[in-house]
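At the far end of the sequence shown sits residue 432, using this note's numbering, and the numbering has no gaps.
As structure tokens, the structure follows; a few thoughts come after it.
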Amino acid sequence: MILAFLAIIAVLELARALPLVPAFQELAACSQHAMRLLPRRGVSEWGKERALRILSGRMFMHSVRAGGLLVATASPLLGLLALNALLPEVDAFRTDWTSKLALMPLTLGYAALRWQVRRVRAR
Numbered sequence: 310m311i312l313a314f315l316a317i318i319a320v321l322e323l324a325r326a327l328p329l330v331p332a333f334q335e336l337a338a339c340s341q342h343a344m345r346l347l348p349r350r351g352v353s354e355w356g357k358e359r360a361l362r363i364l365s366g367r368m369f370m371h372s373v374r375a376g377g378l379l380v381a382t383a384s385p386l387l388g389l390l391a392l393n394a395l396l397p398e399v400d401a402f403r404t405d406w407t408s409k410l411a412l413m414p415l416t417l418g419y420a421a422l423r424w425q426v427r428r429v430r431a432r
């Protein structure tokens with residue numbers, strides 16, 4: 310259970326440190342740009358197709374970056390799952406509800422504390 314707690318803490322810290330939200334915002338902005346391009350009048354179909362090809366490449370790169378950041382953020386939990394599969398005696402994830410119930414307030418408390426510390430530092 311302690312390993313699961315530490316993995317969740319690592320995920321929370323990575324989520325704060327890595328630019329996850331800006332990566333998905335860039336992806337959404339690129340998608341909105343493509344949607345605004347389609348109904349535009351006065352632009353030839355050839356020009357629209359060419360612009361959409363370029364935008365699709367940009368969207369692909371943004372989605373690969375955002376997906377990579379998401380996998381990097383979840384990597385402590387993925388590593389713990391792999392460790393639990395390879396070494397069953399570690400028993401990192403208990404399936405009983407009491408350990409999950411004990412783990413929930415600890416991780417939520419840590420997340421709230423980190424959020425509060427960031428708010429106080431911003432003032």
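The C-beta atom is built at its ideal place from N, Cα and C for all residues, glycine as well.
Being a predicted model, the structure only gives us computed values, none of them experimental.
Residue 343 holds the alpha-carbon nearest to the alpha-carbon of residue 359 among 387, 429, 343, 405.
Per the Cβ contact rule, the stretch 349-364 is not in contact with the stretch 377-394 (fewer than 3 Cβ pairs under 8 Å). Per DSSP, residue 398 lies in no alpha helix (DSSP H) and is assigned neither H nor E.
Restricting attention to 310, 318, 325, the CA atom closest to the CA of residue 427 is found in 325.
In the three-state scheme derived from DSSP, where H, G and I count as helix and E and B as strand, residue 352 is classed as coil.
Scanning 405, 328, 412 for the CA closest to the CA of residue 318 turns up 412. Listed in chain order, the alpha helix (DSSP H) runs fully inside the stretch 312-353 are 329-346, counting runs of at least 4 residues.
Going by beta carbons, residue 328 and residue 378 fall inside the 8 Å limit.
Assignment of residue 370 by DSSP, reduced to helix, strand and coil, places it in the helix class. By the CB criterion at 8 Å, residue 415 and residue 372 fall outside the cutoff.
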